[in-house]
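Step one of this worksheet: look at the structure below.
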Amino acid sequence: MAGHPSVSGPRITVDPESGVAPWRQVRDQLMHLVRVGALPVGARLPAIRQLAGDLGLAAGTVARVYRELEADGVLRTARRQGTVVASVPAAPGNELALAAAAYVARAVELGADPHTAAAAVFAAWPSDR
1 MAGHPSVSGP RITVDPESGV APWRQVRDQL MHLVRVGALP VGARLPAIRQ LAGDLGLAAG
61 TVARVYRELE ADGVLRTARR QGTVVASVPA APGNELALAA AAYVARAVEL GADPHTAAAA
121 VFAAWPSDR
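Residue numbers (the UniProt record's numbering): 1 to 129.
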């Protein structure tokens, strides 16, 4: 990485030739590092200016990433602590798996077997989809 989330931690790189916006590359890499545990909850990230300088980006670019990840609940910024990992986001596509698990648990509580539960899903599915 041309920069890094922590002094000895995992590295982030920005490839200007990739065709993906630099802010998106940084955001996606940070999300991945959090999801796989390379940046655990409580891990401190560098200051915006430091990371921007390390990556050769404008501070506003990194600020955008931090703001978006804060809005998603992944990061938290406090004056004394700086920016830290606040939570691990669900993996892409995992939200559907979580919803399915909740549905299955409720169906089991109701005494349904898998075929009845699946039939209920098909019956509830909108006909225009």
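Built from N, CA and C at the ideal position, the CB exists for glycine as well.
> So, V104 versus A117, is the Cβ gap smaller than 8 Å?
Replying inline: yes
> Can you tell me whether DSSP reads L75 as helix, strand or coil?
Replying inline: strand
>> Just to confirm my understanding: we take S127, look at its own chain, exclude 5 residues before and 5 after, and list those with CB closer than 8 Å. What are they?
In response: none
> Is it true that the CB of V84 sits closer than 8 Å to the CB of A43?
Replying inline: yes
>> Going by DSSP in three states, T13 sits in which element: helix, strand or coil?
In response: coil
>> Excluding the 5 residues flanking R49 on each side, which residues of the same chain have their C-beta closer than 6 Å to its C-beta?
In response: A59
> Per DSSP, L45 forms a beta bridge with which residues?
Replying inline: T83
>> Is it buried or exposed, residue 151, if we count other Cβ atoms within 10 angstroms and call 16 or more buried?
In response: For residue 151 there is no data in the structure shown, the boundaries of the chain being 1 and 129.
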